[in-house]
Structures are given as structure tokens and as C-alpha cells.
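See below for the structure under consideration.
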Amino acid sequence: MKKSVFLGTVAATTVLASMAMAQEGGATLAQVMERDELNCGVNTGLVGFAAPDANGNWTGFDVAYCRALAAAVLGDPDKVSFVPTTGQTRFTALSSGEVDVLARNSTWTYSRDTDLALDFVGVNYYDGQGFMVSRELGVTSAKELDGATICIQTGTTTELNLADYFRANQMDYTPVNIDSNAEGEQQYMAGACDAYTTDASGLAATRAAFADPESHIILPEIISKEPLGPAVRHGDNNWGDIARWTLNALIAAEEYGVTSRNIEELVRSSTNPEVQRLLGTTDELGAMMGLDAEWARRAILANGNYGEIFAANIGEQTPIGLARGLNAQWTQGGLLYAQPFR
Amino acid sequence: MTDVPAPAHAPFRLSMLVNDRRYRSLTFQVIVFILVMAAGWWLIDNTIRNLALMGKSFDFGFLWSRAGYDISQTPIPYTADDTHLRASVVGLLNTLIVAVLGCIAATVLGVIVGVSRLSKSWLFARLMTVFVEIFRNMPLLLWILIVYAIFTEIMPPPNAYRGDDPAASMIFFDHVALTNRYTSIPTLAMTNDPGSLDLGARITFNWATIAFVVALVGGWFIRRAILSHAQTMQDRTGDRPVTWWKNLAVMTVPSLVLIWVFGLHFEAPSLQGFNFTGGLNVSNSLVALWLALTLYTAAFIAEIVRAGILSVSRGQSEAAFALGLRPNRTMNLVILPQALRVIIPPLISQYLNLTKNSSLAIAVGYMDLRGTLGGTTLNQTGRELEAIVLMMLTYLVLSLIISSGMNVFNARVKLKER
Amino acid sequence: MSDTHAQTVPFVRDTMLPSAAPPIRESGAVRWMRENLFSGPVNTILTLLGLLIVWFLIATFWDWFAHSVWNASSLNECREIITATWGDTARGACFAVIRERWNQYLFGFYPRELYWRPTMTFGLLMVALAPVLFSASLTIRRVVLAITAVVTLWAMVVLGAPVVWLAFAVLVLAGGGYLSERNITWLLPFSALYPLLGVWLLWGGSLWGPIFVLVGPALGWVAWRLLSRVSGLLATVAAILVTLVFWMVLAGDATGDAERMLSLSIESVRSDRFGGFLLSLTIGVAGIALSLPLGIVLALARQSDMFLIKSLSVIFIEFIRGVPLITLLFVASLLLNYFLPPGTSFDIILRVIIMVTIFAAAYMAEVIRGGLAALPKGQYEAADALGLDYWKAQRLIVLPQALKISIPGIVSTFIGMFKDTTLVTFVGLYDPLKSMSDAVRANIEWKGIYWEPFIFVGGIFFLICFGMSRYSMYLERRLQRDHR
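In order, the protein sequences belong to chains A, B and C.
If you want my numbering, it's the position in the first sequence, counting the first as 1, plus 14.
If you want my numbering, it's the position in the second sequence, counting the first as 1, plus 6.
If you want my numbering, it's the position in the third sequence, counting the first as 1, plus 1.
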């Protein structure tokens, strides 16, 4: 009797938690619609990119993308369930269907795109791996780091880049493997490593939180390309399109000067045909992906366009203080270049 | 439980499968067997279908491809150009290193603490109780993180040793440097290096090591022969020949000769560039993990030891005192041999726990099996099924080896009941 | 002359002297110190060593604790306050982070206005445990239930529980107290129903769910009663089948229909809102509760005469005990999706609970096996002599005694598992120790805070585990006395 009650508890949990879902390839959009919620895989906590606040509300650069996608698909930026994933569980969470989209500052690489059967839908942040050293070390270039001890997060592409970089320059180093960014900072601050290497954005965020940021410098060398972007599963192209064009809509909105403040006005008065198509006032672009005409409007309204999201989460006005750099619009000398809405 | 035997000629009926005691257990086992097989088939079938759906295969080929990442502690030569298999072996060796060191240290510390808890010094005994309770009742992960953090915060960085008036100085006659990255200890160096025995796969053994092992093992066997000879002499004549200097000689002289032949000496580490070189740099992640595992497990072992000692009845020690044995001989000759029988079985499971707990190494970035095969390799290749299955099997084999080895030992110290 | 006289007359004392104070070395604190601290050279050294350790610890950490800041909204503000109050070089603790984020360490992301629900759930857990864990002594039961009642009700009021639920809690606690005074075994039905109640309170949703889960076994029992005249085996099979079929086919729809007719639901909270100690306790308690029946079955199987059953159970137990929990958690997070039919995917917390249950069951089986082995052989023989069949003998004679002996071991297993729940951090769940601290540190205000969360979380772990281990030791001593 006792046992059956316990079994029943399990069954009840399954029912009550109502997390059970069946999924077959090719129907992610339908599932998301039916669930009325988007499952979005994010980092367990990375300053500026994804972190829960004191009330459990997620904020950050990657989080904003998830909210925009939810707004585009479901009409409400709050209909997102954020699934925190670690470096190890992130791709499995995606391929097993636990999350619909993975927005966890993951680098778009060849083997991930092919062998791991992921589809990266674009790049929302062009990053690169850099080094941070203490100013008093007197090092001004990564080429002077021969023999240094370097803190590095395990299980990331940075580990491979570091090995490649030092081999290519015939230098030696001692890796200090660390598990999370917080451990890394702590090790670096205590002087357990001469240099800390991770994505330049992460370095900037880390440095910003130090008691005396001035005594640490970020070396000029960027040793790798780290195009970070959201990813979806292979095999569901329609869902991939939605994820891709939501990102493009955010980027294009900035290019055309559509912001969350002036969007209503532009819907009524804009004469730019590109903007009209983007905002769904002419042509039915949304229908081609199975959405309504106003999807992009909602996506932009959720957190603003790409520029607004950047400024609010990681831009120069925030404590993290990242410059746009490569992530400026192509018209401003950056790499952001949304494909045309046509 | 006397069954009334059924008449031999009773014809077999189907209902006997359920109602007859002789057949019922067989029926039950067959049913269970079928159910287990069905469940196994179901799992395997699901796995195959899932793999097909994801376009993956079950294939250990990734083990032979280039790993591409560096490991901070490599007991055997390893570079980023080596295979994932070699990286996994490095990880396994690292697991073994911390497990063996941890078991030894935890046993020593645990016995000391366990005995100290029975000490007459009130303050010290209480302090040991506090130690045991604090370490037993907080998660190991917390201790690993704390010990590691203490190491990085308290120890000076290597460049504190630099300059004419360094902020830190090396200890043990300038031979050991404690830093917040590693503990730099002297290495053994030889002036007449005899070269190495190449075992293939870039695993080498120095001939000097082999010579020392041979000398020590040989010496031990000769010592045994001397002792048994002395025993027979004593049995025959009643006089025991003096053996201590012979024993000392066979154990030490060959080694001393070898030291002289190879010109063995310590080479102290010295600060060059960013770091100490010349010595052996034992990374803090190893030291911290080892220390945390030791402290945590020692708290459990201390309780086991204390319970074991208390289990020996008071009359035993009183009898020993009545015979005029001194307290330490009472402990060594009377109490411990009896307590060991109670201590060893739970001690085995503590060793197993320590080995399994070493998989938390990733929290301090110590690259053990879980960090290489189950960490970076898994992550870079995306072969989670193969990597985790392989990792579980390795741990399982490790556990079985430890427990069977310790069981053999247990059988030897067990009370021989005749 | 008088001298001589004085010597020849013997002195006879006719009154008692007032007793002299013992020599200063043999009395009071000095004597105690001499006996307990400095009774020999070795002990003196040990005592001095002990003093040295204590002094070192205090000297190293005292000023850090003394300079602690409890009121600040960010780490930088803390640093400023410390510098302003105690000077430039002072170091100090910034416990303000605990003040700001204590709720996340305790409840994770559970909705703030519903904090009273987990509080009540774990308060009622003590009532449900009373007949199992605290059956031995009335005094302990009184103390435990009184403390539980006061703490739970106080916390519920503070956390703003609705009056209806306060009344419910008062009712259950008072009922528990009353029954525990009268006859504690009457509380057992509540213990049996508690898992469903707990699940419903924690996750919320419709009350009809647990009700229909209960209806399944009830129907099964009816089937068993109807068929038991015909054949015992058939009745058992039918009962199990009816229950399972009801759960799989009918329960889900029935819940929905009943809910539409009469809504009995409370706000539902999803698993991903769980975190901190709420997560640890949920996983720990669910794991132990679920692993107990599985552990009993495994232990009995391991004692069985049937070769196949015995070897299967040995293989299972040794396999689970031979691998680290962390690999099993990886199986839960990475591999379970491979082993289940394509397309099934369920809640990670449930998956973790399943793996933790399997893990704990193997250890539980060994604990219970110890209990079975400790039972005198005469008990088994007596059961056989009475003509009881295997299940009756186990149910009526062997298991009640064996389980009672195993309780200290079960509590120890629970402590170990409760501590091990911190490992869920490696699969991306918010354990109180690492993930939650990392998440707090991922906010720019608290980036760089390190020691304070560890001290807070470690302290809570210590309190819970220490309390339980003391209780299990007490039970152990009590059992030993019973057996003499």
C-alpha cells in the first residue's frame, strides 16, 4: 500500500508539474504554441548576459533575445521559461527537446554546427578571447606570457583556443582549470594565476566589478573569433527561420531607427517600405513562417531593438561598460548586418 | 521448514506452478527474468531509436581523435596533440593519485583524531569532537571550495619570492615554496642518469627507479629469510641470533649504494620568469582537493576508530594493565588488533566513498577522470552516451578493485574461528 | 613537669574538628584542570596545542567577523562602510548579502507571496514523521511537536499566509499533538497521506490530482476484495492492473473533468522555481521516502534463496554503490532522454529525484540488510513455526523489528543524501551552496562576494545535519539498551 502511494506521488508529480510533452521533429512552433510558453536555455548566471535577480526575474542580453522571441511567437515577452544550463548540459538540453532555443553565449563553430547537429541562427554578439593581467605584472602583450599560469574555464572553446595560441607562438603555459566564472575571478584576484582568459566581454564584466579596476588591464590581443549566437535543433527549419528572423528583426530595427519608443508612431506614419514590411503594415511576411503580421513589432516592443538591448544590459552606461566595437551596425563600421526583409 | 514431500507419482498440473512450493520460486524467477529482459530490451531499443533520430551513433572512435586541450597535471607525458583516450588515462591517473594520497592521509588523521577524542585532555578531546562534527555535518563540496579558497587567499603569489628583500621566504632550508598556485617541492635528480625503459606509448620508467624497487623488494625478501632463519634457530636452540643489524643492512645498504652510483640528490626549485622551475610544482587544486577529502573522510574514520576502540571491552585493557603492559603496548598489542576487526569493514566503505567523492574535483578544476573524459572530452565531442558509460564503468571497476582488495585484507585480520 | 603530664595523658578528641578545605591543588577549578587538562606531559602538550589552535582561529578570523556589515545594497557599499568605520586596512564580512538574498538561499525562485506553503509543508512533515521517527518517547514527541508548531505558525504568520491555511495548519498541528498524546499509531494514516499532501502543497495545482491518485489503489483494493475469494494470485494481479490502468488511462482526464465541475486548486508553482534549501530538502525527503520501499524490496531480494533474484539485486546494489552520485546525476540530465521513448522529456527535478532515489535505495538496502541480519534467528524460526507464509512472516514479524533497528542507519543515509543534494549544481539546478551563490554573484551588485554565502549555507547545513545525527545517535543508544 505504502509503495503504491509513493508511486502515485510520482505519477501525480508528473501530472501536476505537467511538464510531460511529446515532441516529434519538425513541430517546435506548434509545441510552443500549444504549451503557450517558450523554453529558453540560458546560462546559470553570467553578469550582463543572463542572471536571475532577487525576485527570480531573469535579465540580461541573452534573456532579452528569449523574451523577444516569446513576444514574436506567443505575443507575450513573459511567456518564457528560462532553463539554466551548464557548459556540459547545454547542447544535450537542446537536442533532447528540453529547450526550444539555446541562448547561452555559445560559440558558433564548425563541429557544433555539423557534428552536434545544432543550427546557429545568427550572431548576437561578436566576441573574441582575450587576456586580463594585473597592471603591476608589467606585461603589455599576450606574446610576453611565456611560462605564465593562466586561469581558464574548463569545457569551453576558450580552452582549445588557448592551447592553439600558445602552440602557434611556441610558448609554454600552465593552465589552472576553473569551474565557473566566479571561481576564476576569485583565483585571479588572489594572484593564483598571472592571467585570466575568457571572452573579452566576460573579461570586461569581471574587471568592472573589481574594487580597483584600474590596476588590471585587458591585453590588446584577441586570440580567437567567438561569434556567439542563439541555436536551435537541426531538422526544424521553420522554427530555425523564426529564431533567425527574430534576431534579424532586432538588428534591422536598430538599422532603420525603429525603437520601442517610436515604434507605434512608425507603424502609423513610416513611409520607408523596408520599415513597413518589418512592422507588418505592408506585406504579410509573418504568414510565411506561420506567425501573424505583427510578430516583429512585438519582438521589438519586448525590450527594444538590438541597440537598446545592448545599451540596457552590457553597454557603456552599465557597470559592464562594453563598447559596441564589432557589434556596431555595418553602417557604423561594425559587423551587424541583417538580411533584408523582403 | 519441513516440506512434506509430494507423492512421487502426482501428475504435474499447471496450477502447481503457482501453488506448489517447489515450482513457485522457479515460476517467480522466470517471470522476473522475463520482466528484466523486457525492460532491458525496451531501454536498448529506445536508445537505438533515439540515436537514429538524432543522427548519432554509438561509437568509441572519438577516443582516438585529437584532444586539443591541455591538462595542468600530467603524470604521463601529454600534450594537446594527444588523443582523447590518452587524456582520459591522464584523468584516471589523476583520480588514482588523489584517491591513494587521500586514503593514506585520511587514515592517519582519522586514527589520530579518533584516539584523541578518547584523550584525557578535556580541551583537546573537545576540540577533536568539534572537528569531527563540523566536518561530518557540512557538505564535502563546501569543504573543497573553502580549502581551495583558503589556499589561494593565504599563500603568497610566486612573485612575492622575487627581489632582494622578498615578502615571502621558502621553508625547509630554501627547498619548499608555498605559493597560491602550487607547492613547489624539490625533485630528485641524478648526475649519472642510466636512461629509461621505454614501455611504448611514451610511458617510460627510469632504470634507476626500477633498480631501487628491485633493491627494496629483494631486501625485503632477504629480511624475511633472515627472520625465518632466526625463528628456526630459536626453536631449535632457544637462542635467537641477533638480527637487527643484518635487517638494517639488507634494507638500506643496496639503496645507499644505488644513491651513490646514480649520484642522487635533491634539486631545489628556483624562481624563474613567472614561476618556480626546477622543482616539482604540486598544483593547489590537487593539494586542496586532497586536504578537503582527507579532512572530510578523516572525520568519519575518526568515528569508526573511536567506536572500534570502545567496542573492545574494558576488561581487556584492565587485564593488560594487570599483566604490567604499558599503555602504548596495551594499545598496540591488545586493543588495536581486536578493534581492527570492527574498524575494517566500515573503513573499506570510507575508502570507496573517498574515491567516488574525488569526482568533485571539477569544483577546483583538478582534471580527474570526470574532468577529462566526463568533462572537456564529453563537451568537445558531444559524445555524452559513450563518455558517461565509459566513465561509470571505470569508476565501477575501480570500486570493485578497492573493495575486493580490502576484503582480502579483512579476511586476514578477521578473528579466526575454529 | 607539666610537660610530662601532658605527654602521659592521652589526648582524646571529643568533638569533631570542622572539616578543612581541601588543598588548593585538589579542589575546584584547579583540580578539574589538573585532572582534565594537565594530567601528564602528553596531555599538557595536547592542551597547549589545543589552546594554540583556538587562539590562532580567533586571531585570524575575529576582526573579519567583528567588522561585519549587515545593511548595504551592494558589495561596494559594504566596502565603503567598512573603510569608513574601521579604517582603510580593515577587512570585514559583508553579511548584507544574506540580508538581501536570504529568501533565495532558502526558497530559490519560489513566488514570494507563497513562501508560507513550503514552510507549512515542512512543518507538517514533522507531524507526519512523528509516528515513524519519534514513536519511542512521549517527551521527545512533545518537544518536537511543540517546537514545530510554534516555529511553523510563527513563520507562516510572518510570511503572510492566508487565514484559511493558518487555520488548516493549526488544525493539523493540534490534531497531531492530540493523537501523539493518546496513541501515536493513529497518526500513521496521516503519514501515509502526507506525500500526496506535500506534493500538492509544494507544486500546487488541483487537489483532484492527488485525490484521483488515491482512487486508483482504492479501486484496486475493491477488485482484490471481490476476487480474493476466487484466487489470491488472480486478485493481486487484478488489483495491480486495475490501479495501473486507472492511473494511466483515467486519472488524468478525471482530474480535468472534476476540476471543471468543482475547482479545488491552489496556485501552481513550476519546478524551475525551486531552488536553495527548498530544493535540497525536497530532493532529500522525496529521495528517502521513495527509496525506502525500493530499499526494502532490494534488501529482501538480496536475502532471498532464489538465485536469480539474489544476483540481480546484488548486481544492482553493487553497481549503484560503485559509481559516484555525480555520474548518476549526469545520467539524469544527459542520458535519460536516450533511454526513454523518443519524444518523452520531463522535468529535470523529477529526473534528478528518480536518480537520487535509485542511488539512495542501494544504500538503504544495505542498511536494511544490516537490520535483517541483526534480528535473532529465532524470530525467523518462530515465524515459520507459526506457519506464516513468507510475506506474512516478513510483514508481521521480521520487517517491523528490522526496520526499527535500521532507523539510525536510515537517518544517517538521509544526512549523507541531504549533503549530496548540493551536487545538483553540476546539472544546472540551483542548489543553495554553489549555483545559488554563483547566481547571486552574477548580479553586478554582489559580484565578488565569496565567503559570506558559504558561511550562511554551511551553518544551516550544519544545524540540520548535526541535529539529525544527534537524534540518530540517541536512537542508537536507546536501541542498544533495549537489546540488553
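Idealized CB from N, CA, C, for every residue including glycine.
Closest by C-alpha distance to residue i, when choosing among the options
i                         : options                                   : result
glycine 108 of chain B    : B:Arg312, B:Phe415, B:Trp296 and B:Ser202 : B:Trp296
threonine 11 of chain A   : A:Ile237, A:Gly55, A:Pro333 and A:Phe134  : Coverage of chain A is limited to positions 15 through 356, which leaves residue 11 of chain A absent and any answer about it impossible.
leucine 83 of chain A     : A:Asn71, A:Cys54 and A:Val97              : A:Cys54
leucine 189 of chain C    : C:Pro163, C:Ser413, C:Pro211 and C:Leu126 : C:Leu126
leucine 59 of chain B     : A:Leu159, A:Asp250 and A:Asp208           : A:Asp250
alanine 195 of chain B    : B:Leu329, B:Leu91 and B:Gly285            : B:Gly285
valine 395 of chain B     : C:Val412, C:Phe360 and C:Phe331           : C:Phe331
arginine 237 of chain A   : A:Asp213, A:Tyr202 and A:Val113           : First, the amino acid is wrong: residue 237 of chain A is isoleucine here, not arginine. Of the candidates A:Asp213, A:Tyr202 and A:Val113, the one whose C-alpha sits nearest the C-alpha of isoleucine 237 of chain A is A:Asp213.
glycine 217 of chain C    : C:Gly253, C:Leu295 and C:Arg183           : C:Gly253
isoleucine 354 of chain B : B:Ile315, B:Leu148, B:Ile110 and B:Met43  : B:Ile110
alanine 403 of chain C    : C:Glu367, C:Val144, C:Val250 and C:Phe278 : C:Glu367
alanine 97 of chain C     : C:Trp452, C:Ala156, C:Gly323 and C:Arg478 : C:Trp452
threonine 163 of chain A  : A:Gly136, A:Asn138, A:Asp141 and A:Gly198 : A:Gly198
threonine 128 of chain A  : A:Val137, A:His248, A:Glu240 and A:Leu242 : A:His248
tryptophan 155 of chain C : C:Phe135, C:Ala129, C:Gly124 and C:Leu47  : C:Gly124
Within-7 Å CB hit, residue i to chain B
i                        : result
alanine 156 of chain A   : no
glycine 51 of chain C    : yes
serine 75 of chain C     : no
glutamate 322 of chain A : no
alanine 36 of chain A    : With a pLDDT of 37 at alanine 36 of chain A, under the threshold of 50, the modelled position of this residue cannot be trusted, and the question is left open.
Contact with chain C by residue i, beta-carbon distance below 7 Å
i                       : result
glycine 59 of chain A   : yes
alanine 337 of chain A  : no
arginine 130 of chain B : The question names arginine, but residue 130 of chain B in the sequence shown is phenylalanine. By this cut-off, phenylalanine 130 of chain B is an interface position.
serine 215 of chain A   : no
lysine 438 of chain B   : Outside the displayed range of chain B (7 to 424) lies residue 438 of chain B, so it cannot be described from this structure.
Short CB-CB distance (under 7 Å) between residue i and chain D
i                     : result
glycine 70 of chain A : The structure shown has no chain D; the protein chains it does contain are A, B and C.
Contacts of residue i in chain C (Cβ-Cβ under 8 Å)
i                       : result
aspartate 67 of chain A : Asn444
Contact set for residue i: own chain, Cβ-Cβ below 6 Å, skip 5 residues either direction
i                            : result
phenylalanine 457 of chain C : Ile99
leucine 476 of chain C       : Ile408 and Pro409
proline 247 of chain B       : Ala236 and Met239
serine 190 of chain B        : Ala183, Pro275, Phe282, Gly285 and Asn287
Under 9 Å from the C-beta of residue i: neighbouring residues of chain C
i                        : result
serine 229 of chain A    : Going along chain C, no residue has its Cβ under 9 Å from serine 229 of chain A, so there is no contact; the nearest lies around 14 Å.
glutamine 200 of chain A : Gly449 and Tyr451
valine 115 of chain A    : In chain order: nothing, as chain C lies at least about 15 Å away.
Those residues which DSSP pairs with residue i across a bridge
i                         : result
isoleucine 267 of chain C : C:Gly206
glycine 360 of chain C    : For the sequence presented, residue 360 of chain C should be read as phenylalanine rather than glycine. Phenylalanine 360 of chain C is not bridged to any residue.
leucine 116 of chain A    : A:Gly55 and A:Ala245
arginine 72 of chain B    : B:Thr89
leucine 286 of chain B    : B:Ile191
Own chain, CB closer than 7 Å to residue i, minus 5 neighbours either side, in chain order
i                       : result
valine 31 of chain C    : Ile25
leucine 243 of chain C  : It is worth fixing the name first, because residue 243 of chain C is valine in this sequence and not leucine. For valine 243 of chain C, where only same-chain residues beyond five positions count, the Cβ hits under 7 Å are Leu220, Gly221 and Ala224.
serine 491 of chain C   : Any property of residue 491 of chain C remains undetermined from this structure, which presents chain C solely from 2 to 485.
glutamate 38 of chain A : Any reading at glutamate 38 of chain A must be qualified, since the residue scores a pLDDT of 41, below 50, and its modelled position is unreliable; no value is offered.
Interface flag, residue i vs chain A, CB-CB below 7 Å
i                            : result
phenylalanine 110 of chain C : yes
lysine 405 of chain C        : no
proline 163 of chain B       : yes
Sequence-distant residues of the same chain with beta carbon closer than 8 Å to residue i, five excluded per side
i                     : result
lysine 448 of chain C : Leu76 and Arg442
Where residue i meets chain B, residues with beta-carbon distance less than 7 Å
i                         : result
isoleucine 192 of chain A : Gly371
Partner residues on chain B for residue i, Cβ-Cβ distance less than 8 Å
i                       : result
tyrosine 451 of chain C : Ala155
Residues that residue i contacts on chain C, provided the C-beta gap is smaller than 7 Å
i                           : result
phenylalanine 39 of chain B : Leu309
glutamine 35 of chain B     : Met307, Leu309 and Ile310
threonine 103 of chain A    : Ser334, Leu335, Val428 and Gly429
Beta-carbon neighbours of residue i, restricted to chain B and to distances below 9 Å
i                        : result
glutamate 235 of chain A : Per Cβ cutoff of 9 Å: no residues; glutamate 235 of chain A is ~17 Å from chain B at best.
heavy atom of the ligand PLP below 6 Å from residue i C-beta
i                         : result
isoleucine 103 of chain B : As for the ligand PLP, it is missing from this structure, which has no ligand bound.
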